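Enquirer:
Chains as they are written, first to last, in the UniProt record's numbering: chain A, 1 to 514; chain B, 1 to 220.
#1: Per DSSP, residue 4 of chain B forms a beta bridge with which residues?
#2: To which residues does DSSP link residue 203 of chain B through a beta bridge?
#3: Rounding to the nearest angstrom, what Cα-Cα distance links residue 422 of chain A and residue 194 of chain A in this structure?
#4: Going by CA-CA distance only, name the one from A/374, A/290, A/174 that's closest to residue 54 of chain A.
#5: Kindly indicate which residue of B/126, B/208, B/42, B/139 has the alpha-carbon position closest to the one of residue 180 of chain B.
#6: Cα-Cα, which of A/185, A/143, A/49, A/209 is closest to residue 160 of chain A?
#7: Rounded to whole angstroms, what's the CA-CA distance from residue 170 of chain B to residue 12 of chain B? Just pull it up for me.
#8: Of all the alpha helix (DSSP H) runs that stay within the bounds of the segment 113 to 157 of chain A, which reach a length of 4 or more residues?
#9: Listing by chain order, which chain D residues have their CB less than 8 Å from the CB of residue 1 of chain B?
#10: Hey, could you find the ends of the beta strand (DSSP E) residue 459 of chain A is sitting in?
#11: Going by CA-CA distance only, name the one from A/396, A/142, A/401 that's closest to residue 339 of chain A.
#12: Residues in the segment 357 to 386 of chain A with C-beta within 8 Å of chain B's C-beta atoms, listed in sequence order?
#13: Any chance the segment 111 to 118 of chain A sits against the segment 157 to 175 of chain A, with 3 or more Cβ pairs inside 8 Å?
#14: Threshold first: 4 residues or longer. Then list the alpha helix (DSSP H) segments lying entirely within the segment 61 to 105 of chain A, N to C.
#15: Can you tell me whether DSSP reads residue 150 of chain B as helix, strand or coil?
#16: Grab the span of the alpha helix (DSSP H) containing residue 252 of chain A for me, first residue to last.
#17: Need the endpoints of the alpha helix (DSSP H) that residue 475 of chain A sits in, please.
#18: Where are the alpha helix (DSSP H) runs, 4 residues long or more, that stay fully inside the segment 350 to 393 of chain A, in chain order?
#19: Kindly indicate which three-state DSSP category residue 3 of chain A falls into: helix, strand or coil?
#20: Using only the alpha-carbon positions, how far apart do residue 313 of chain A and residue 459 of chain A sit?
#21: Tell me which residue opens and which closes the beta strand (DSSP E) that residue 103 of chain B is part of.
#22: Roughly how many angstroms lie between the CA atoms of residue 479 of chain A and residue 311 of chain A, to the nearest whole one?
#23: Let me check understanding here. Comparing Cα to Cα, which of A/234, A/467, A/192, A/298 lies closest to residue 94 of chain A?
#24: Does DSSP classify residue 9 of chain B as helix, strand or coil?
#25: 9 Å is my cut-off, CB to CB: does residue 162 of chain A come that close to chain B?
#26: Just reading off the alpha helix (DSSP H) that residue 277 of chain A is part of, what are its end residues?
#27: Closest to residue 103 of chain B by C-alpha separation, out of B/75, B/129, B/130, B/91, would be which residue?
#28: Buried or exposed for residue 163 of chain A, going by 16 or more other Cβ atoms inside 10 Å?
#29: Thinking C-beta only, is residue 193 of chain B closer than 9 Å to residue 24 of chain B?
#30: Look at the Cβ atom of residue 238 of chain A, then the Cβ atom of residue 212 of chain A, and state whether they are nearer than 9 Å.
#31: In its own chain, which residues sit with a C-beta less than 6 Å from the C-beta of residue 337 of chain A, not counting the 5 before and 5 after it?
#32: For residue 11 of chain A, name the three-state secondary structure that DSSP assigns.
#33: If we define contact as Cβ-Cβ less than 9 Å, is residue 165 of chain B a contact residue for chain A?
#34: Which residues in the same chain have their Cβ closer than 7 Å to the Cβ of residue 20 of chain B, if we skip the five residues on either side of it in sequence?
#35: Whose C-beta lies closer than 8 Å to the C-beta of residue 14 of chain A among residues of the same chain, with five residues either side of it excluded?
#36: Run through chain B and tell me which residues come within less than 9 Å of residue 252 of chain A, C-beta to C-beta.
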């Protein structure tokens, strides 16, 4: 009977209100959280003169210098090679895991794999493999395997079940899967893999900031030399490369790209690691220090309590402060900005500019934007908040704008234009998808906030990085597990809120956005 | 002697049961056609009989919605009729490259269906009538003691339908179909079963069913 009571929209709204989870309330709650976080945020400029730094950088950026073509070309090609190899390995492992995703053990393994950020994977793998190509490939492949397994299994579940049902009984499971399940989901899987390659390109570029020979590394060295012209040139190449993925990555060419990537990576020279690094890592390095010579409970307590109070909790607080402020700002930017790319709201030239701006902001990963802003504003939470809000705001604005464009033909013929159309027709109709997208990005923003600690902002990643630098891997692992748990918790909370508010998304939009 | 039987069984789910307390049996050599208005439970009865038959007899099925894999070729969709005769390795390698003997066998089945030319075409590129013939091809290739068909010739014109049912008669000793075309049903069936309002209205040799009986079946 409960279902029939919910059948009219008014009734449904009233019922949702009784439970306290209306969309305006959720939005108010998040705005309040962001306001509450503001007093804890450190936005100081630390003696930096942003004006001077900005004008120096802008001057360089307006005169891109493609002279260092050899270094630029090498960094770009290695960025592609790491991305292609990592995504291919992740996708194939995900495909193998997908049919078993309903098993609890597999599902939890995948959640664990994807709750650790690529950069953290890279830092851990370096302890075992050194700065080798395999470190970079695995840093992408491991979390992506968890993501691919989840998405592929959803796509398989959504495929038409009838062909599998009419197969003769006694058809073995593998043939059943290959003939009547996989072909039906193949198009969706291919589409998602290609999309994931774009994410992989961003991840691969960012891996350079921790020492792998990709774009981030080259960008960092150009900045250190103050060569803004070259930095500008490499960033232009990067945006063009990401924007044109669909042109150069064709399914028929995929084996060729994969082969070329594998050969390139095999030829990359890397410092050798001592033998037994893996065993030492597993049996010694990550074992809590007080337990290495046998069980010692008081010792463990003396080790764990300061770790929690002096590092984990401050790191968590800072991570939440940055993430919540960034999320609120993300929402504001996206809500205000999506009209920029919708016809009948913005004239053609304005839309072109809007698209260009959104593409640039989407192409640069949060981490790289934060790195750039750090050069301007100096170390504080400001670069992190700005980077997160601009990148994520641009993604949501892009998706909402596209959704808005599909709404246009369904509107009445005498619908208004411009800002009136935006405010009266589009914004109310898109409030559901808007909230869903923001909640969806919440988990991603938190993940990225944690990792920005590597840039010196005092979020969780800062403490993880310090522990690694001191070779206290046992402490790093505890902090990593805490980060993973918080990420997975926010993911679950976000999903519950999306369900409660009825803020759903179509499948296509749901999976987009790294 | 019967191949399979239902004895006072209730078909459908819970309160939504469409056919309560139904008895029905199928004997070898019979060609039975179910008649009745849509929603009366023909598909439910066919599915129940299929499940019962498939336990002990090789049974071929032509479902109403064809249940083809649109991304795969006609050839591979037809091959699916015999996946249970081979191991996973055989099926996997066949998916990558169809063995010459299998291809020849399937083409022999496709030729009388008028599909031989389309063997390598993906099913999604076919018309409705062609898809239906692919679903029939899959059943032909499977072969067996019985064919169960739910409106198996609904998407082709009358002359073709008759020819297809002729092929079916030659390939399967026993058949149980649902058809909406009464003339077609009369020419094919040895026995006609009329379903109406949750039960069997008539169940008799085709020659003994009058036009009046059939009119009563579809009357409001």
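Here a beta-carbon is modelled for each residue, glycine too, at the ideal position from N, C-alpha and C.
Computed from a predicted model, the values in this text were never measured in an experiment.
Expert: So, to answer that:
#1: By one-based count along the second chain, residue 4 of chain B stands at place 4. Answer is B/26.
#2: Counted from its first residue, the second chain places residue 203 of chain B at position 203. Answer by DSSP bridge pairing, in chain order: B/193.
#3: Here residue 422 of chain A corresponds to residue number 422 of the first chain, with the count starting at 1. Here residue 194 of chain A corresponds to residue number 194 of the first chain, with the count starting at 1. For residue 422 of chain A and residue 194 of chain A, the distance between alpha carbons rounds to 32 Å.
#4: As a first step, residue 54 of chain A must be located in the first chain, where it is residue number 54. Of A/374, A/290, A/174, the residue nearest in Cα terms is A/374.
#5: Sequence index remark: in the second chain, residue 180 of chain B carries index 180 (1-based). Nearest option by C-alpha distance: B/42.
#6: Reading the first chain from its first residue, position 160 is the one you call residue 160 of chain A. Looking at the Cα atoms, A/185 is the closest of the given residues.
#7: In the second chain, the residue the question calls residue 170 of chain B occupies position 170. In the second chain, the residue the question calls residue 12 of chain B occupies position 12. So the two alpha carbons sit approximately 33 Å from each other.
#8: 118 to 129
#9: In the displayed structure, chain D is absent; the protein chains listed are A and B.
#10: Indexing the first chain from 1 puts residue 459 of chain A at position 459. Here residue 459 of chain A belongs to no beta strand (DSSP E), and DSSP marks it neither H nor E.
#11: Looking up residue 339 of chain A in the first chain gives position 339. Closest option to residue 339 of chain A, Cα to Cα, is A/401.
#12: Residues of the segment 357 to 386 of chain A with a C-beta less than 8 Å from any C-beta of chain B: none at all.
#13: no
#14: 69 to 97
#15: Taking the second chain and counting its residues from 1, one reaches residue 150 of chain B at position 150. Strand, per DSSP.
#16: Position 252 of the first chain, counted from the first residue, corresponds to residue 252 of chain A. No alpha helix (DSSP H) contains residue 252 of chain A, which DSSP labels as neither H nor E.
#17: Position 475 of the first chain, counted from the start, is the residue given in the question as residue 475 of chain A. In this chain, the alpha helix (DSSP H) harbouring residue 475 of chain A covers 473 to 500.
#18: Segments of the alpha helix (DSSP H) lying fully in the segment 350 to 393 of chain A: 366 to 377.
#19: Within the first chain, numbered from 1, the residue matching residue 3 of chain A stands at position 3. Interpretation of residue 3 of chain A is limited by its pLDDT of 37, a score under 50 that renders its predicted location unreliable; no figure is taken from the coordinates.
#20: Start at 1 with the first residue of the first chain, and residue 313 of chain A comes out as number 313. Start at 1 with the first residue of the first chain, and residue 459 of chain A comes out as number 459. Roughly 10 Å separates the two Cα atoms.
#21: Counting from one through the second chain, the residue named residue 103 of chain B turns up at place 103. Premise fails: residue 103 of chain B lies in the alpha helix (DSSP H), 100 to 113, not in any beta strand (DSSP E).
#22: If you number the first chain from 1, residue 479 of chain A lands on position 479. If you number the first chain from 1, residue 311 of chain A lands on position 311. Going by the C-alpha atoms only, they are around 8 Å apart.
#23: To locate residue 94 of chain A, count along the first chain from 1; it is residue 94. If we check each option's Cα against that of residue 94 of chain A, A/192 comes out closest.
#24: Residue 9 of chain B sits at position 9 when you count from the first residue of the second chain. Strand.
#25: The sequence position of residue 162 of chain A within the first chain is 162, counting from 1. Yes, residue 162 of chain A counts as interfacial toward chain B.
#26: Translated into the one-based positions of the first chain, residue 277 of chain A becomes position 277. Its alpha helix (DSSP H) spans residues 277 to 280.
#27: One-based indexing of the second chain puts residue 103 of chain B at position 103. Minimum Cα distance to residue 103 of chain B is reached at B/75.
#28: Here residue 163 of chain A refers to the residue found at position 163 of the first chain. Buried: at least 16 other Cβ atoms inside 10 Å.
#29: The residue given as residue 24 of chain B occupies position 24 in the second chain. The residue given as residue 193 of chain B occupies position 193 in the second chain. Cβ atoms of residue 24 of chain B and residue 193 of chain B: closer than 9 Å.
#30: Locating residue 238 of chain A in the first chain gives position 238, counting from the first residue. Locating residue 212 of chain A in the first chain gives position 212, counting from the first residue. Against a cut-off of 9 Å, the Cβ pair of residue 212 of chain A and residue 238 of chain A comes out as no contact.
#31: Numbered from its first residue, the first chain carries residue 337 of chain A at position 337. The answer, listed in chain order, is 397.
#32: Residue mapping note: residue 11 of chain A aligns to position 11 of the first chain, counting from 1. Confidence is the limiting factor: at residue 11 of chain A the pLDDT is only 48, short of 50, which leaves the residue's position unreliable, though a coordinate-based value still follows. Three-state result, residue 11 of chain A: helix.
#33: Position 165 of the second chain holds residue 165 of chain B. Not closer than 9 Å to any Cβ of chain A, the Cβ of residue 165 of chain B fails to qualify, so no.
#34: Reading the second chain from its first residue, position 20 is the one you call residue 20 of chain B. The residues are 10, 198.
#35: Here residue 14 of chain A is taken as the residue at index 14 of the first chain, counted from 1. Low confidence applies here, because residue 14 of chain A scores a pLDDT of 49, under 50, leaving its location unreliable and the question unanswered by this model.
#36: Residue mapping note: residue 252 of chain A aligns to position 252 of the first chain, counting from 1. Correct list: empty, because the minimum Cβ distance to chain B is about 17 Å.
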